[in-house]
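Worksheet: the structure to be examined is printed underneath.
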Amino acid sequence: MLTCPVCASDNVRRSRRKPVLEFLKRWRGLQRYRCRECTKVFHQPLGPGELAFRQEVEQRRRRRSSRHGGFLRRKTRQRLAEMVLFFSALVVFYIAFHYLDHVS
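Heads up, the sequence shown is in our numbering, so the first residue is 11 and it goes up one at a time.
Structure (structure tokens):
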């Protein structure tokens with residue numbers, strides 16, 4: 011059971027984070043708590059279950075983005091090849107047209 015570091019009360023609940031700095035503390039693995047007796051706000055590390063859950067979510071996100079990343083890289087290579095082919099055909103057409111114009 012979690013207790014308040016100031017008054018040692020066990021009437022402690024999670025507190026909603028408000029300021030921007032709270033996001034950074036949460037990112038470092040700290041959870042914001044508030045004592046209902048003395049209204050003191052303090053931070054404690056995330057529990058092992060929460061930490062494991064966050065890691066699992068992060069792994070899922072990475073797997074999902076890596077699948078789509080491969081698709082996007084393949085699509086980009088394909089578009090680049092199409093553009094090179096198009097401009098090459100355009101240059102060949104220009105040279106052929108220019109040659110025919112000078113011959114006649």
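Glycine is no exception: its CB is placed at the ideal position from the N, C-alpha and C atoms.
Query raised in the report: For the beta strand (DSSP E) that Arg44 lies in, which residues bound it at each end?
Result: Looking at the DSSP string, the run of the beta strand (DSSP E) that includes Arg44 is Leu40 to Cys45.
Report task. With a threshold of 16 other CB atoms inside 10 Å of the CB of Val16, please say whether the residue is buried or exposed. Result -> It is exposed - the Cβ of Val16 has fewer than 16 other Cβ atoms within 10 Å.
Requested in this report: With distances taken Cα to Cα, identify the nearest neighbour of Ser19 among Leu56, Ser25, Glu32 and Glu47.
Outcome: Comparing Cα-Cα distances from Ser19 to each of Leu56, Ser25, Glu32 and Glu47, the minimum goes to Glu47.
Query - Arg73 to Phe96 span [Cα, whole Å] - result: Computed Cα separation, rounded: 35 Å.
Query - Neighbour-count burial assignment, Val22, 16 or more Cβ in a 10 Å radius - result: The residue in question, Val22, is buried, as its Cβ has 16 or more Cβ neighbours within 10 Å.
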